[in-house]
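Asks: With this note's numbering applied, the sequence shown closes on residue 439, and no number is skipped along the way.
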Amino acid sequence: MRNRHALALTLATAATLAAVPAALPVAAATPANSPAAKAHCPQLSKKLTWYGDNRDRLQQMIDERGRCGSHRGHDQKRPVAAFDWDNTVAKNDVTDATIAWALHHDKILRPATWKSTSKWLTDEADRALTAACGTDVPVGAPLPTSTDTACADEIFEVREDGKTMSGAAAFAGEWDHRHTVPQYAWVPQLFAGHTVKELESYAAKARKEALAAPIGATQKVGTHEIPGYIRYYEQQRDLIRTLKKAGFDVYIVSAGSEPVAEVWAGGKGGVGIDRKHTIAIRSVLDRKGRITTWNQGCGDVPVNQGEAIPYIDGKRCWINQEIYGVKGKSAWDKQDWSHRIALGGGDADTDVTFVGDATGAHLVLNRNKSEFMCRAYDNADGRWVVNPMFIEPLPRKTDPYPCSTAAYNEHDGSKGPVLREDGSVVPDQADSVF
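#1: Quick one: Cα of Arg115 to Cα of Trp337, how far?
#2: Could you work out which residue in Gly351, Ile328 and Gly350 is closest to Gln340 when comparing CA atoms only?
#3: Helix, strand or coil: how does DSSP classify Gly350 here?
#4: Helix, strand or coil, according to DSSP, for Ala102 in the structure here?
#5: Three-state secondary structure (DSSP) at His109?
#6: Just to confirm the assignment: which complete beta strand (DSSP E) runs, minimum length 3, are found wholly within the segment 235–266?
#7: With DSSP as the reference, please indicate the residues paired to Tyr406 in a beta bridge.
#8: When DSSP labels each residue in this structure, what does Val192 get in the three-state scheme?
#9: Just grab the DSSP bridge partners of Ile231 for me.
#10: Sorted by chain position, which residues of the same chain lie with C-beta nearer than 7 Å to Val357's C-beta, five sequence neighbours on each side aside?
#11: Would you call the segment 260–272 in contact with the segment 87–100, where contact means no fewer than 3 C-beta pairs closer than 8 Å?
#12: Buried or exposed for Val423, going by 16 or more other Cβ atoms inside 10 Å?
#13: With DSSP as the reference, label Tyr413 as helix, strand or coil.
#14: With a 10 Å radius around its C-beta and 16 neighbouring C-beta atoms as the bar for buried, classify Thr410 as buried or exposed.
#15: State the Cα-Cα distance for the pair Lys120 and Glu129, rounded to the nearest angstrom.
#16: Using 8 Å as the Cβ pair cut-off and three pairs as the minimum, do the segment 303–320 and the segment 169–189 touch?
#17: Can you tell me whether DSSP reads Trp389 as helix, strand or coil?
#18: Would Ala197 and Thr127 be called neighbours here (beta carbons separated by less than 8 Å)?
#19: To the nearest angstrom, report how far apart Thr103 and Val226 are at their CA atoms.
#20: Do the segment 412–429 and the segment 391–399 touch if we need at least three Cβ pairs shorter than 8 Å?
#21: Could you check how far apart the C-beta atoms of Pro147 and Lys112 are, in whole angstroms? I think they sit under 8 Å.
#22: Measuring alpha carbon to alpha carbon, tell me which of Glu205, Phe253, Ile231 and Gly418 ends up nearest Pro84.
#23: Mind pulling the beta strand (DSSP E) runs of 3 or more residues that sit fully within the segment 289–369?
#24: Tell me the rounded alpha-carbon separation between Met66 and Val438.
#25: So what's Pro187 in DSSP terms, helix, strand or just coil?
#26: From what residue to what residue does the beta strand (DSSP E) around Ala211 run?
#27: For Arg164 and Gly333, I'd like the C-alpha separation in whole angstroms.
#28: If the criterion is Cβ atoms closer than 8 Å, does the pair Ala366 and Arg62 meet it?
#29: Could you pull the start and end residues of the beta strand (DSSP E) that Ala285 belongs to?
#30: Please work out which residues of its chain come closer than 6 Å, Cβ to Cβ, to Ala28, disregarding the five sequence neighbours upstream and downstream, and give them in chain order.
#31: Look at Ala353 and Val268 and say whether their C-beta atoms are less than 8 Å apart.
#32: Out of Asn325, Trp342 and Glu230, which has the shortest C-alpha to C-alpha gap to Gly304?
#33: Consult DSSP for Lys420 and reduce its assignment to one of helix, strand or coil.
#34: Around the Cβ of Glu222, are there at least 16 other Cβ atoms within 10 angstroms (buried) or fewer (exposed)?
#35: Spell out the partners DSSP gives Phe5 in its beta bridges.
#36: Rounded to whole angstroms, what is the Cα-Cα separation between Pro26 and Pro193?
Rendered as structure tokens:
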């Protein structure tokens, strides 16, 4: 089992895999595929509502790729399913819930300087945070954010929108916009000085409050109003359970802090995904076991300050590295058919690359994110499964997605056209599943 908090990750030597065709194999016409045999295969619940024929399409993939289909022998590598977490497996953002709880309970420790928390933090943000939170509290002591509205506001605004309360950019400089986003990387950096167990306890307490709050509830963080409730999607819980019964290895791949994702994914009331199968931002710990502002790296990016988190192409890198043992620069590349996941599930542009890499089904919860929905509605391989959010779905987006001009997130942060693998441009797409 991996040591998720080691300074450098040691990957097991990748097992030699049998060659697999570059197209989805169709299960042979054997008794295992007969109606009578399939009646004994793991089945998705018919009591839970899916959009259109999505349940049947997912069930077909499970039947074809699981233990009742191509994965029948113990000599084959288990098929893999991977899911984003926030707004994919659970409604609303567990990272925001954890930060809110921490701010309500004075759990953010004052850094020596705010600039030290992120390599990209601007002078304007440093001054705004220093002015709002003050310098009276000793370095390393808790900030009184439960009563200091200005301090809580400034911290949450930087996290939420990448800006100060006055509207100045909180982050600046150069980064690959398909490998990271500084305000996401800043979340575990905010908890520098805490142990992993402390952060897990904050996430657990936030989880208890969010699950107890009624659907639609809100909460205040400073003057910010954010969702106050979180719910596991029962359809996704059932899908994960069915996949596991059918012989799939199921992973969570999140752009949040790994201890927070682990609290929600595993344990009592979770979805049965353990630490080994949870991938998120992994903080480097100091000699006393406390979180630092440094993260473990991926591919050819070593230990870093946020340059390579599980974000857009970064999610592919982490899947390739952690699940398939791909090392070095190649971990950023799309792999051959036998080294890709069978099912990917997500809700936002941060998920578009790894979900698109799936060979069996690309499950999309529609949150009106342009690049992701362009891929989904273009449906180039016929395997994209689009579903409205199961709780409080968004209304239809009235304007077409600008796929042909400005939906793709370029590496430099600009916007461009979404291209198919053959280089052709995806035409603008109308929103049709809502």
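Ideal placement from N, C-alpha and C gives every residue a C-beta, glycine not left out. Fair warning: this is a prediction, and the values are worked out from it, not measured in the lab.
Replies: On the basis of the supplied data:
#1: 36 Å
#2: Ile328
#3: strand
#4: helix
#5: helix
#6: 254–262
#7: Gln434
#8: helix
#9: Gln224
#10: Ile317, Glu376, Phe377 and Arg380
#11: yes
#12: buried
#13: strand
#14: exposed
#15: 10 Å
#16: yes
#17: strand
#18: no
#19: 11 Å
#20: no
#21: 6 Å
#22: Phe253
#23: 296–300 and 348–351
#24: 21 Å
#25: helix
#26: Where Ala211 is concerned, there is no enclosing beta strand (DSSP E), although the alpha helix (DSSP H) it sits in stretches over Val201 to Ala217.
#27: 30 Å
#28: yes
#29: Thr283 to Ile286
#30: Because Ala28 sits at a pLDDT of 37, beneath the cut-off of 50, its placement in the model cannot be relied upon, and the following sentence gives the value as read from the coordinates. Closer than 6 Å at the Cβ level, and outside the excluded window around Ala28, lies no residue.
#31: no
#32: Asn325
#33: strand
#34: Reading off the sequence shown, one finds Ala at residue 222, where the question assumed Glu. Label assigned to Ala222: exposed.
#35: Residue 5 falls outside the range modelled here, since the chain spans only 6 to 439, and no answer is possible.
#36: Confidence in Pro26 is poor, its pLDDT being 35 and thus under 50, which makes the residue's placement too unreliable to answer from.
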